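Comments concern the structure below.
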Amino acid sequence: MFTRILVPIDFSDPSDAALEYAASVAARFNAALHVLHVVDDPYRAAYAAEVFVPEVEGLREELMADAVGKLNDKLRVLGVTGAMTAAVIGTPSMSIVEYAGGHGVDLIVMGTHGRG
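Under the working numbering, the first residue of the sequence shown is numbered 594, with each subsequent residue one higher.
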């Protein structure tokens, strides 16, 4: 039924619960599990139009590598193997949809903050 499952992670408790659930669904359907973190662009903050912030060489790459490391640590703690991890810089909603479309994702599992 599902062949590729995406779990966007923001390192909150609800996203941890979504990851656990998605891992169980992936195992049940023998589906590939993709775990994604969207890093906010440090140079595109709300104040960017009013303040000049010089770019620090390699900052974006460092932020993405750090996020992938945290994702891999989280998977290791949960005992999840074979998942694909990725980090991108952008707006979370748009980046999640773009990643899902570009990787043929069948199902997106996301946590909630109890909004019903």
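Think of the CB as a built atom: it goes at the ideal place given N, C-alpha and C, for glycine as much as any other residue.
Small disclaimer: the values here were computed from a predicted structure and weren't measured.
One or two residues paired with residue i in a DSSP bridge
{"i": "Ala625", "result": "Arg597"}
{"i": "Ile689", "result": "Answer is none; Ile689 lacks a bridge partner."}
{"i": "Ile701", "result": "Leu599"}
Which of helix, strand or coil DSSP assigns to residue i
{"i": "Val632", "result": "strand"}
{"i": "Ala676", "result": "coil"}
Assigned exposure category for residue i - 16 Cβ within 10 Å defines buried
{"i": "Leu652", "result": "exposed"}
{"i": "Ala620", "result": "exposed"}
{"i": "Val670", "result": "exposed"}
{"i": "Pro601", "result": "buried"}
{"i": "Ser605", "result": "exposed"}
{"i": "Ala616", "result": "buried"}
{"i": "Gly704", "result": "buried"}
Spatial distance of residue i from residue j (CA atoms)
{"i": "Thr731", "j": "Asn623", "result": "Since the first residue shown for the chain is 594 and the last is 709, residue 731 is missing from the structure and cannot be characterised."}
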